[in-house]
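Right, one structure below, let's go through it.
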Amino acid sequence: MRHRGIPARRAVRGFNTAILALRSSRCWGARIRRHLTVVTYTGRRSGRVFSTPVGFRRSGDTVTIGVRLPGAKSWWRNFTGDGGPLTLELDGADRMGHAVARRDAKGRVSVVVRLT
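Going by full-length UniProt numbering, the sequence shown opens with residue 1, and the numbers climb by one from there.
Right, here's the structure in full:
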């Protein structure tokens, strides 16, 4: 099921704006940045640059992003197959990486990023 209506887009945009503001706040920023980062990538078909906040887990130079409600989101599809490049905001700096999206047998999607 896709949620592409104007009200849904406004809600997502408002949520993302609020999350980005919290990431920047003095009070909550440090705590939130431990679990949320900003992914920046170029769309495969459109060639446009997109940025979106996502939750992540990091282990060394590997970052795993669990995609919640993958049927309602499309950003992760840019990293299917052989994957593609992206930038993550980690530890106060932009880090480049190569991301590959995989769907498991239960339909869950994760994007694994190898930092370069």
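Heads up, the beta-carbon is just placed ideally off N, CA and C, and yes, glycines get one too.
Which whole-angstrom value describes the C-beta separation of residue i and residue j, a residue pair presumed to lie in contact below a C-beta threshold of 8 Å?
i: leucine 20; j: proline 53; result: 6 Å
i: alanine 101; j: threonine 80; result: 5 Å
i: histidine 35; j: glycine 66; result: Actually they do not touch by this definition, with Cβ atoms about 11 Å apart.
i: valine 113; j: histidine 98; result: 7 Å
From the DSSP output, which residues share a beta bridge with residue i?
i: threonine 87; result: Thr40, Met96
i: serine 51; result: Thr40
i: serine 59; result: Thr62
Any idea what DSSP makes of residue i, helix, strand or coil?
i: alanine 72; result: helix
i: threonine 116; result: coil
Residue i: which of the options sits nearest, CA to CA?
i: glycine 43; options: Met96, Val113, Pro85; result: Pro85
Is there a Cβ from chain D that is less than 9 Å from the Cβ of residue i?
i: aspartate 91; result: Chain labels in this structure do not include chain D; a single protein chain is all it has.
Assess contact between the stretch 37-49 and the stretch 74-83, defined as three or more Cβ pairs (one per stretch) separated by less than 8 Å. Is contact present? A contact exists between the stretch 37-49 and the stretch 74-83.
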